[in-house]
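Student: I have a structure I would like to understand better, so I am pasting it below and will then ask my questions one at a time.
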Amino acid sequence: MSQLRVSVIQMQVELGEKERNLAHAAELIARAAKDEPDVLLLPETFNVGFFPTDLAAHADAAEEGESRQLLSRLAREHRVNIVGGSVVRFGPDGEVRNTTYVFNRVGQEVARYDKIHLFSPSGEKDRFAAGTTPSLFTLEGISLASIICYDLRFPELVRGLALAGAQVLFVPAEWPHPRVEHWRTLLRARAIENQFFVVACNACGPVGNLVNSGHSAVIDPWGEVLVEAGEEEVILSVNLNLDSVAEVRRRIAVFADRRPEVYAPAPQCK
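Using my numbering, you'd call the opening residue of the sequence shown number 8 and step up by one each time.
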């Protein structure tokens, strides 16, 4: 498969309003499915927002939570692969996790990822349990990867996914307006340095006392912005020419020219 059609669902998420958020997500997924994408992407914590004070009252059950069941059913009904943004849920250990579920066209879970880097300025690091395993998975025979929001600031994680064979990186987020230029710059940087596609979905509009910045985007392996949203709710759909990953890597052989044997530990500065 040399083409992958993706749809990015930039939506407003209401803090603590799980029932309303899930209904809205279902409506937008049905609308996006009319564009006949291969893969749909939702924003981070689309079920309850980032994040309610009383997490225990809002988090999904560990295995059969409402959000997971909804995503599985909608993937099956619309015959579409879904990278389910992320949801706030309980882990099997009783700790709260920020988790991405990935479902194939028949509603089977093919991957799940617990956010590795938790955003300490917001208190996420104190309220959630961090994941320990990067997310690499296959859909439609294509090697794909996903991270969540703050993970974007850690190039080591993303480079590892590229080295493992990922051709497309999915990035769900709730990235606030004051740092929107960081978001836009980091998306392009991760695409350019790893020479693969970056498909990023941010929430938009107010959530609690913050305003999410929108500007969901799809970036190609050369760092060109194929499509970018503004600050309102929107569905972006675009075809990815996967052959361009190999083409860009032939033009500038970053991976062949790497010298990891000298990178770490860094020499002491004198």
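Glycine included, C-beta positions come from ideal geometry on N, C-alpha and C. Keep in mind that this is a model prediction, so the values were computed, not measured.
Starting from I199, trace the alpha helix (DSSP H) both ways and give me its first and last residue.
Tutor: Translated into the one-based positions of the sequence shown, residue 199 becomes position 192. I199 -> alpha helix (DSSP H) spans V187 to N201.
Student: What residues are listed by DSSP as bridge partners for F204?
Tutor: Translated into the one-based positions of the sequence shown, residue 204 becomes position 197. According to DSSP, F204 bridges with V175.
Student: Going by the beta-carbon positions, is the gap between G91 and L49 smaller than 8 angstroms?
Tutor: The residue given as residue 91 occupies position 84 in the sequence shown. The residue given as residue 49 occupies position 42 in the sequence shown. Yes, Cβ-Cβ distance for G91 and L49 is below 8 angstroms.
Student: Since I believe F97 is in contact with D67 (beta carbons under 8 angstroms), could you give me their beta-carbon distance rounded to a whole number of angstroms?
Tutor: Mapped onto the sequence shown, residue 67 falls at position 60. Mapped onto the sequence shown, residue 97 falls at position 90. With 8 angstroms as the limit, D67 and F97 qualify as a contact, their Cβ atoms being about 7 angstroms apart.
Student: What does the Cβ neighbour count give for L170, buried or exposed, with the cut at 16 atoms within 10 Å?
Tutor: The residue given as residue 170 occupies position 163 in the sequence shown. L170 should be labelled exposed.
Student: Taking its Cβ as the centre, do 16 or more other Cβ atoms sit within 10 Å of H222, making it buried, or is it exposed?
Tutor: The residue given as residue 222 occupies position 215 in the sequence shown. Buried is the call here.
Student: Can you list, in chain order, the residues of its chain whose CB lies under 6 angstroms from that of G56, leaving out five sequence neighbours each side?
Tutor: Along the sequence shown, one-based indexing puts residue 56 at 49. Same-chain partners within the cutoff: V20, L22 and V214.
Student: Can you look up A169 in the DSSP assignment and give me helix, strand or coil?
Tutor: Residue mapping note: residue 169 aligns to position 162 of the sequence shown, counting from 1. Correct three-state label for A169: helix.
Student: Across which residues does DSSP place S235 in a beta bridge pair?
Tutor: Along the sequence shown, one-based indexing puts residue 235 at 228. The question names Ser, yet the displayed sequence has Glu at residue 235. The partner list for E235 (beta bridge, DSSP) reads A224.
Student: Look at the alpha carbon of M8 and the alpha carbon of A173, and state the distance between them as a whole number of angstroms.
Tutor: Against the sequence shown, residue 8 aligns to sequence position 1. Against the sequence shown, residue 173 aligns to sequence position 166. The alpha-carbon atoms of M8 and A173 are separated by roughly 14 angstroms.
Student: Anyone know if the C-beta pair for H85 and A40 falls short of 8 angstroms?
Tutor: Numbered from 1 along the sequence shown, position 78 holds the residue referred to as residue 85. Numbered from 1 along the sequence shown, position 33 holds the residue referred to as residue 40. Taking 8 angstroms as the Cβ cut-off, H85 and A40 qualify as a contacting pair.
Student: If we call anything under 8 angstroms between Cβ atoms a contact, is F204 one with V225?
Tutor: Locating residue 204 in the sequence shown gives position 197, counting from the first residue. Locating residue 225 in the sequence shown gives position 218, counting from the first residue. The answer is yes: Cβ separation under 8 angstroms.
Student: Can you list, in chain order, the residues of its chain with a C-beta nearer than 8 angstroms to that of I149? Leave out the 5 residues immediately preceding and following it.
Tutor: Stepping through the sequence shown from its first residue, residue 149 is reached at position 142. Taken in chain order, the residues that qualify are M8, L11, Q174, V175 and L249.
Student: Classify P183 as helix, strand or coil using the three-state DSSP reduction.
Tutor: Here residue 183 is taken as the residue at index 176 of the sequence shown, counted from 1. Reduced to three states, the DSSP call for P183 is strand.
Student: Three-state secondary structure (DSSP) at S9?
Tutor: Counted from its first residue, the sequence shown places residue 9 at position 2. Three-state result, S9: coil.
Student: Taking R38 as the reference, give the member of S14, P59 and N28 with the closest Cα.
Tutor: As a first step, residue 38 must be located in the sequence shown, where it is residue number 31. When only C-alpha atoms are compared, the closest one is S14.
Student: To the nearest angstrom, how far is the alpha carbon of V269 from that of A263?
Tutor: As a first step, residue 269 must be located in the sequence shown, where it is residue number 262. As a first step, residue 263 must be located in the sequence shown, where it is residue number 256. Rounded to the nearest angstrom, the two C-alpha atoms are 15 angstroms apart.
Student: Roughly how many angstroms separate the alpha carbons of E34 and P272, rounded to a whole number?
Tutor: As a first step, residue 34 must be located in the sequence shown, where it is residue number 27. As a first step, residue 272 must be located in the sequence shown, where it is residue number 265. Going by the C-alpha atoms only, they are around 50 angstroms apart.
Student: Across the segment 72-82 and the segment 137-144, are there enough close Cβ pairs to call them in contact, namely three or more that are closer than 8 angstroms?
Tutor: no
Student: By DSSP's criteria, D158 is part of a beta bridge. Which residues make up the other side?
Tutor: As a first step, residue 158 is located in the sequence shown; it is residue number 151 there, counting from the start. DSSP lists no partner for D158.
Student: Measure the alpha-carbon distance for P162 versus V206 and round it to whole angstroms.
Tutor: In the sequence shown, the residue the question calls residue 162 occupies position 155. In the sequence shown, the residue the question calls residue 206 occupies position 199. Each residue's Cα considered, the two are about 16 angstroms apart.
Student: Determine the DSSP secondary structure at L29, reduced to helix, strand or coil.
Tutor: Here residue 29 refers to the residue found at position 22 when the sequence shown is read from its first residue. In this structure, L29 counts as helix in the three-state DSSP scheme.
Student: Rounded to the nearest angstrom, what separates F58 and T52 at their Cα positions?
Tutor: Indexing the sequence shown from 1 puts residue 58 at position 51. Indexing the sequence shown from 1 puts residue 52 at position 45. Approximately 8 angstroms, taken between the alpha carbons.
Student: Look at the alpha carbon of H124 and the alpha carbon of A63, and state the distance between them as a whole number of angstroms.
Tutor: Looking up residue 124 in the sequence shown gives position 117. Looking up residue 63 in the sequence shown gives position 56. Going from the Cα of H124 to the Cα of A63 covers about 21 angstroms.
Student: Which same chain residues, not among the five before or five after V245, have their C-beta less than 7 angstroms away from its C-beta?
Tutor: The count along the sequence shown starts at 1 and reaches residue 245 at position 238. Result list for V245: V13, V225, L233 and V234, in chain order.
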